[in-house]
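Have a look at the structure below, then the notes.
Protein chains: 2
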Amino acid sequence: MLTERQLEVLLSVVYEFIESGEHVGSRTLSKRYLTGRSAATIRNEMADLEEMGYLMQPHTSAGRVPTTRAYRLFVDTVLQRRRAKEQGNRELLDNLKAHRNGVEGALTFASDLLTQLSHYVGVAAVTQLKQARLAKIDFIRVDTSNVLLLVILEGGIVHHKLVGMPYDLSQDTLQDMARRVNTLAGHEWGEVRVMLQNYIMGELGRYAESCRKALDDLDKLMAGEHTTLFTGSLANLFNIPDFQDIGRFRALFSILEQEGGLVDLLRKCDTTDGIGVMIGEENDLPEMENCAVVLSSSSSEGQKTTLGVIGPKRMNYEKVISVLDKVLQELIDSPGENEGD
Amino acid sequence: MLTERQLEVLLSVVYEFIESGEHVGSRTLSKRYLTGRSAATIRNEMADLEEMGYLMQPHTSAGRVPTTRAYRLFVDTVLQRRRAKEQGNRELLDNLKAHRNGVEGALTFASDLLTQLSHYVGVAAVTQLKQARLAKIDFIRVDTSNVLLLVILEGGIVHHKLVGMPYDLSQDTLQDMARRVNTLAGHEWGEVRVMLQNYIMGELGRYAESCRKALDDLDKLMAGEHTTLFTGSLANLFNIPDFQDIGRFRALFSILEQEGGLVDLLRKCDTTDGIGVMIGEENDLPEMENCAVVLSSSSSEGQKTTLGVIGPKRMNYEKVISVLDKVLQELIDSPGENEGD
DNA sequence: TTTAGCACTCGTTATGCGTGAGTGCTAATA
DNA sequence: TATTAGCACTCACGCATAACGAGTGCTAAA
């Protein structure tokens with residue numbers, strides 16, 4: 001185990017490295033953090049810490065740099081101190097839908113806010129769980145050959161899809177259909193789906209083909225754990241020295257740009273409610289070995305809401321965690337009708 | 001005016017520079033393009049062309065590089081000559097129809113397609129003009145305090161917005177409202193709007209406040225020339241040598257990332273239907289002095305569809321223009337909006 | 001156990017030099 | 001007169017070398 005002083009040295013290295021971005025040497029520590037001890041003493045401690053896997057040297061005559069293991073320890077220590085302040089995010093969802101204009105508006109707002117405050121990249125996502133409940137379904141005749149299929153879930157998520165129909169259906173017919181289906185409001189999507197399938201096979205005979213296709217699309221959206229994701233501006237990445245190298249930037253970018261990659265990433269971290277941190281190789285993506293992801297999520301009503309910040313491994317974890325807390329709070333507290341621009 | 005040979009030299013420089021990305025010297029031209037003439041002769045012509053503002057030297061002992069003026073001439077010449085190219089890409093283009101599914105689906109697909117085919121960045125946008133006509137409006141009760149406002153325009157654009165209501169309205173009441181408003185289907189938004197305003201003031205009395213707010217939001221979307229924009233992946237930019245420099249990349253990125261900037265850009269080029277090209281400084285954005293934008297747009301039914309490709313000034317204009325032609329043609333050819341397959 | 005001192009390592013920056021691609025100019029040539 | 005060959009000159013680029021400095025490990029003294 002680590003001695004008290006080793007811990008002190010280690011955390012100082014991490015802290016200083018997060019500040020400066022450059023390998024930190026024994027002299028710096030001796031002058032700035034552990035004024036009582038000489039550089040030589042600290043050198044010895046650092047050599048030990050390196051052996052234990054907490055530190056590494058980029059090259060022979062350089063100072064030390066924290067390993068993922070060191071970050072992990074650092075974060076856990078920080079989180080430990082913070083844990084008192086942490087609290088449930090239960091109310092998050094209610095406020096999301098109530099006070100901002102639809103789920104999408106709220107999440108766009110949140111991701112922008114996180115981005116601005118953290119100076120990294122904020123993300124916000126909502127995942128429909130299998131338990132998502134239907135609030136309302138509707139079919140709206142657009143013209144002779146097109147019907148708009150509308151699905152609203154409890155929690156405020158809205159899906160719509162234009163479906164081509166081989167025959168013209170009157171609005172009355174459609175309304176009748178909708179009325180029947182809506183008797184299932186409040187039930188989970190799985191049940192609704194089965195009912196719809198039967199209905200289509202049984203009573204809609206000749207329309208079955210086009211309906212089935214629409215239903216399949218809908219299934220793709222809903223049956224799986226479909227996630228809607230909002231990513232803040234990536235502009236901040238340009239200011240981070242870690243990504244000045246175009247190669248690294250590119251790697252990270254390719255992940256962030258394609259929604260799928262990011263959703264996978266979030267899913268990996270999604271273990272528990274509350275705040276979680278994944279550092280470097282801890283997420284399996286090799287492109288993200290220099291990155292860290294801080295997430296905070298909470299679920300209820302068949303959907304799970306996740307807020308997060310993505311930045312360099314050398315991230316200001318304290319700040320990010322507190323920002324995350326704040327935005328969460330902001331979302332919960334915000335009194336009425338403000339729609340984030 | 002340019003002599004025949006000067007033109008030949010100039011276009012060769014442009015062509016070669018587009019290929020190689022490096023300043024082109026007299027010897028190269030003599031060997032590869034104008035085998036009849038010696039390097040010295042070509043050098044003289046190039047000196048003249050430089051004086052005329054068509055070419056420039058990055059530094060004293062370097063070959064020549066085209067100026068914006070040269071690209072302009074090149075593009076105009078190319079636009080004149082092109083017409084008879086017919087090849088490839090069939091399979092991909094055929095997919096367009098299959099993937100179409102509402103305006104958004106089609107444009108997402110189109111921008112991706114343009115990105116893939118051009119190897120630059122494809123964009124696709126639809127702008128609602130003032131003449132946009134209402135196809136259908138609907139109010140759908142979600143729960144006691146929320147109504148989903150649904151607006152469908154001729155042309156297939158769908159807007160929806162969740163509106164908080166201070167009082168519970170029954171679906172029947174809402175349906176009645178919708179029925180009245182829908183008598184205006186087929187009319188321009190301007191008229192519909194006035195009618196809605198009156199209706200709200202006259203018959204909806206106590207709900208006026210919340211309705212007005214929703215209506216205002218809707219106006220923001222529709223009364224102005226609102227543009228919905230889809231941008232393809234930016235990943236290709238990493239392969240372009242012109243943007244290897246992180247500074248330039250950043251500048252371009254900042255424009256591409258924020259939707260507003262891009263919309264402004266499109267608007268600038270939106271002069272006429274047909275294909276238009278803006279090269280370097282021709283668009284006023286200093287960030288885009290090394291870029292070119294090729295646009296092709298067509299309007300009908302109260303909406304204007306724009307497809308475009310954004311890439312380096314040193315762009316393969318021939319290819320991009322032909323790609324753009326094809327994709328656009330495909331989009332216009334089937335104006336029936338999703339013909340069910 | 002701690003610290004001062006010293007030799008050593010290695011990345012970074014500056015400097016200098018050779019090379020090659022490309023030019024402009026001039027004089028010879030068709 | 002228009003074209004071309006020849007030549008001196010320029011300048012970016014790559015490479016080697018050297019100086020510098022931040023940092024280390026090790027040893028011996030306090």
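Quick mapping for you: the protein sequence lines, in order, are chains S and R.
The opening residue of the first sequence carries number 1 in my numbering; numbering runs sequentially from there.
The opening residue of the second sequence carries number 1 in my numbering; numbering runs sequentially from there.
For every residue, glycine included, the Cβ atom is placed at its ideal position computed from N, Cα and C.
Note that the structure is a prediction, hence the values are computed from the model and not measured.
- Residue 300/S has 303/S as its beta-bridge partners, per DSSP.
- Using a CB distance below 9 angstroms, the part of the segment 151-167 of chain R facing chain S consists of 152, 154, 156, 158, 160, 161, 162, 163 and 164, ordered along the chain.
- According to the DSSP assignment, residue 316/R belongs to no beta strand (DSSP E), since it is labelled neither H nor E.
- Residue 159/S is bridged by DSSP to 151/S.
- With respect to residue 119/S, residue 63/S sits apart: the two C-beta atoms are not nearer than 9 angstroms.
- Just so you know, the alpha carbons of residue 147/S and residue 164/S end up roughly 6 angstroms apart.
- In this chain, the alpha helix (DSSP H) harbouring residue 105/R covers 102-118.
- In this structure, the straight-line span from the alpha carbon of residue 189/R to that of residue 183/R is close to 13 angstroms.
- Think of a sphere of 7 angstroms around the beta carbon of residue 148/S: the chain R residues whose beta carbon falls inside it are 152 and 158, in chain order.
- Taking 9 angstroms as the CB threshold, residue 257/S lines the interface with chain R.
- Following the DSSP letters along the chain, one finds residue 276/S in no alpha helix (DSSP H) but inside the beta strand (DSSP E) bounded by residues 274-279.
- When rounded, the separation of the alpha-carbon atoms in residue 226/S and residue 128/S is 6 angstroms.
- For residue 143/S, the neighbours in chain R by C-beta distance under 8 angstroms run, in chain order, 135.
- Residue 31/R is classed as exposed because its beta carbon has fewer than 16 other beta carbons within 10 Å across all chains shown.
- Neighbourhood of residue 138/S in chain R, by CB distance below 7 angstroms: 140, in chain order.
- A direct Cα-Cα distance of roughly 48 angstroms separates residue 59/S from residue 294/R.
- In this structure residue 186/R is in contact with residue 133/R, their Cβ atoms being roughly 6 angstroms apart against a cut-off of 8 angstroms.
- Bounds of the beta strand (DSSP E) holding residue 231/S are 227-231.
- Interface annotation, residue 180/S: not in contact with chain R, CB-CB separation never under 9 angstroms.
- Its chain contains 118, 120, 294, 309 and 311 as the residues whose beta carbon lies nearer than 8 angstroms to that of residue 320/S, once the 5 sequence neighbours on both sides are disregarded; these appear in chain order.
- The beta carbons of residue 140/R and residue 136/S sit closer together than 9 angstroms.
- Minimum Cα-Cα distance from residue 155/S among the listed residues 252/S, 332/S and 103/S corresponds to 103/S.
- Under the three-state reduction of DSSP, residue 166/R is assigned to coil, being neither helix nor strand.
- Partner residues in a beta bridge of residue 249/R, as assigned by DSSP, do not exist.
- If you draw a 10 Å sphere on the C-beta of residue 66/S, you find 16 or more other C-beta atoms in it, and that means buried.
- The Cβ-Cβ distance between residue 232/R and residue 115/R falls below 9 angstroms.
- Shown here for residue 142/S: same chain residues with a beta carbon closer than 6 angstroms to its own, the five before and five after excluded, namely 148 in chain order.
- If you check each beta-carbon in the segment 231-246 of chain R against every beta-carbon of chain S, the ones closer than 7 angstroms belong to 233, 234, 235, 238, 244 and 246.
- Taking a C-beta distance under 9 angstroms as the contact criterion, residue 17/S and residue 235/R do not qualify as a contact pair.
- Around the C-beta of residue 194/S, fewer than 16 other C-beta atoms lie within 10 Å, and the residue is accordingly described as exposed.
- Collapsing the DSSP output to three states places residue 188/S in a strand.
- The C-beta of residue 249/R comes closer than 9 angstroms to at least one C-beta of chain S.
- Taking all protein chains shown into account, residue 304/R has 16 or more neighbouring C-beta atoms within 10 Å of its C-beta and is therefore buried.
- Here the C-alpha atom of residue 332/S lies approximately 21 angstroms from the C-alpha atom of residue 158/S.
- A contact between stretches requires three or more CB pairs, one per stretch, nearer than 8 angstroms, and the segment 4-16 of chain R meets this requirement with the segment 34-51 of chain R.
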